[in-house]
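Visitor: In my numbering, the protein residues as written are 718 to 1080. From the three backbone atoms N, C-alpha and C, an ideal C-beta is built for every residue, glycine too.
(1) May I ask you to verify whether the region 823-840 touches the region 1011-1030, counting CB pairs closer than 8 angstroms and requiring at least 3?
(2) Grouping DSSP H, G and I as helix and E and B as strand, with all else coil, what is residue 812?
(3) Would you call the region 949-962 and the region 970-982 in contact, with 3 or more CB pairs under 8 angstroms?
(4) Alpha helix (DSSP H) containing residue 883: first to last residue?
(5) Please list the terminal residues of the continuous alpha helix (DSSP H) segment that includes residue 864.
(6) So what does residue 876 bridge to, in DSSP terms?
(7) With DSSP as the reference, label residue 934 as helix, strand or coil.
(8) Going by DSSP, what residues sit across from residue 840 in a beta bridge?
(9) Rounded to whole angstroms, what is the Cα-Cα separation between residue 894 and residue 997?
(10) Indicate the three-state DSSP secondary structure (helix, strand or coil) for residue 910 in the structure shown.
(11) Leaving out five residues before and five after residue 734 in sequence, what residues of the same chain have Cβ atoms less than 7 angstroms from its Cβ?
(12) Would you list the residues sitting across from residue 904 in a DSSP beta bridge?
(13) From the DSSP output, which residues share a beta bridge with residue 1037?
(14) Straight-line CA distance for residue 784 to residue 876?
(15) Name the DSSP bridge partner or partners of residue 1006?
(16) Give me the residue from 848, 880 and 843 with the minimum Cα distance to residue 862.
(17) Evaluate residue 886 with the Cβ neighbour count: other Cβ atoms within 10 Å of its Cβ, from every protein chain shown; 16 or more gives buried, anything less gives exposed.
(18) Starting from the C-beta of residue 927, find all residues in its chain whose C-beta is less than 6 angstroms away, skip the five residues before and the five after it, and write them out in chain order.
(19) Please state whether DSSP places residue 790 in a helix, a strand or coil.
(20) Leaving out five residues on either side along the sequence, give the residues of the same chain with a beta carbon under 6 angstroms from the beta carbon of residue 742.
(21) Counting beta carbon pairs with one atom in the region 1000-1010 and one in the region 1039-1047, are three or more of them shorter than 8 angstroms?
(22) Nearest CA to the CA of residue 935: which residue from 917, 832 and 764?
(23) Inspect the beta-carbon positions of residue 1126 and residue 948 and report whether they are closer than 8 angstroms.
(24) Based on the DSSP output, what are the partners of residue 817 in its beta bridges?
(25) What are the boundary residues of the alpha helix (DSSP H) that includes residue 983?
(26) Buried or exposed for residue 913, going by 16 or more other Cβ atoms inside 10 Å?
(27) Report yes or no: do the region 936-943 and the region 963-971 share at least 3 C-beta pairs separated by less than 8 angstroms?
(28) Count the other CB atoms, across all protein chains shown, that sit within 10 Å of the CB of residue 1053; report buried if there are 16 or more and exposed otherwise.
(29) In the DSSP assignment, find the alpha helix (DSSP H) that holds residue 853 and state where it starts and stops.
(30) Would you report the Cα separation of residue 811 and residue 805, rounded to the nearest angstrom?
(31) With 16 other CB atoms within 10 Å as the buried threshold, where does residue 825 fall?
(32) Residue 829 lies in the alpha helix (DSSP H); which residues open and close that run?
(33) Closest to residue 751 by C-alpha separation, out of 791, 738 and 891, would be which residue?
(34) Among the candidates 1043, 1031 and 1042, whose CA atom is the shortest distance from the CA of residue 859?
(35) Cβ-heavy atom distance between residue 971 and the ligand SAH below 7 angstroms?
(36) Determine the closest residue to residue 848 out of 831, 822, 827 and 857, with distance taken between C-alpha atoms.
The following block contains the structure:
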């Protein structure tokens, strides 16, 4: 015998509130005080109640669904961003549908068509290449959207949120130069991606200004294991570098794996700066110095801009560029001859500030 479906009326009766109050708790249409919200949520949990989103949307005429497209769900940066967006969207009564393009332009088009078929209220998109999908340009002005991360800022047809990747490269390279490193290897994912090119450009700018050799740039891809194999192959055929700067969290893993396979200790034989600064980077015998992207702030701004657009904001597109910081730990050794000779490695991470002034919008 099938079990009778629990309705909003059942939840209201158990919680001792009106049906409208239960509706407001789940769809976010109107604020509900904390005590009533708690009673409704407890009643819903006790009855195993799930809101019928489709029915609610048909009645209201509003689809409270937001689409999020990212290049790769194996990349912790993107899953962290999604996680934060889901929390904020949920608080405002929205569901989130996530799709991954797996760094494939054709798949990206297909995934976007699928997301748009849901007729979402808004869209957050991280393009997988420098070329922003044509369908997004076609939807501009009709579908509220925010573009994030992998962007150039020359053609802003929608709100854009990214970090100053040139500055991030400069911050890491400056620290390596100041700690006495002149032979720098840059572990990139793909130079076909604008933010990666900008990080490389920042490294080269500092190296050139310090009179260091031109940094070697290795493309390791977006798969950690294949990247490790490529890096080991390079290590077997080239002199061990003094320092390595990995430009993504995936290439950081590739480098660490490659160094371990070649029994090269960090920082005794090679120094390393990673990217994205996740808990595993400090949960090691040798905690990693790393560039930290402001993921929390980025997610908050993305959601704030999207909420405004979904609410009818028609102002000119905003271009928002955030700064990164360097979390100094133990993976960079001080070499003789460096301007930072005698620099103590702190027990706790500290921010290594970038250039003063507001973040640059364009280089």
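Guide: Taking the coordinates as given:
(1) Result yes; three or more Cβ-Cβ pairs closer than 8 angstroms.
(2) Three-state DSSP puts residue 812 in a strand.
(3) Result yes; three or more Cβ-Cβ pairs closer than 8 angstroms.
(4) Here the alpha helix (DSSP H) through residue 883 covers 882-895.
(5) Unbroken run through residue 864 is the beta strand (DSSP E), 862-865; no alpha helix (DSSP H).
(6) For residue 876, which the question treats as bridged, DSSP gives the partners 863.
(7) Of the three classes helix, strand and coil, the one that applies to residue 934 here is strand, per DSSP.
(8) Paired residues: 784 and 862.
(9) In a straight line, the C-alpha of residue 894 is about 26 angstroms away from that of residue 997.
(10) Three-state result, residue 910: coil.
(11) Take residue 734, set aside five residues on each side of it, and the residues of its chain with a beta-carbon closer than 7 angstroms to its own are 753, 756 and 757, in chain order.
(12) Paired residues: 935 and 963.
(13) DSSP output for residue 1037 lists 878 as bridge partner(s).
(14) Answer to the nearest angstrom: the Cα atoms are 15 angstroms apart.
(15) Per DSSP, the beta bridge partners of residue 1006 are 990.
(16) Cα-wise, what sits closest to residue 862 is 843.
(17) Counting C-beta atoms within 10 angstroms of its own C-beta, residue 886 has 16 or more neighbours from the protein chains shown and is therefore classed as buried.
(18) Same-chain partners within the cutoff: 894.
(19) In the structure shown, residue 790 sits in coil (DSSP, three-state: anything other than H, G, I, E or B).
(20) 749, 754 and 757.
(21) A contact between stretches requires three or more CB pairs, one per stretch, nearer than 8 angstroms, and the region 1039-1047 meets this requirement with the region 1000-1010.
(22) Among 917, 832 and 764, the Cα nearest to that of residue 935 is on 917.
(23) No statement about residue 1126 is possible, as the shown extent of the chain runs from 718 to 1080 and does not include it.
(24) DSSP output for residue 817 lists 787 as bridge partner(s).
(25) Per DSSP, residue 983 belongs to no alpha helix (DSSP H) and is neither H nor E.
(26) With at least 16 other beta carbons inside 10 angstroms of its own, residue 913 counts as buried.
(27) In short, these stretches touch, since the Cβ pair count reaches three.
(28) Result: exposed.
(29) 851-856 is the extent of the alpha helix (DSSP H) around residue 853.
(30) Their Cα atoms are separated by approximately 9 angstroms.
(31) By the neighbour-count rule (16 or more Cβ atoms within 10 Å), residue 825 is buried.
(32) Run containing residue 829: 822-834, per the alpha helix (DSSP H) assignment.
(33) For residue 751, the closest C-alpha among the options 791, 738 and 891 is that of 738.
(34) Closest by alpha carbon: 1031.
(35) This structure lacks the ligand SAH, and indeed carries no ligand of any kind.
(36) Among 831, 822, 827 and 857, the Cα nearest to that of residue 848 is on 822.
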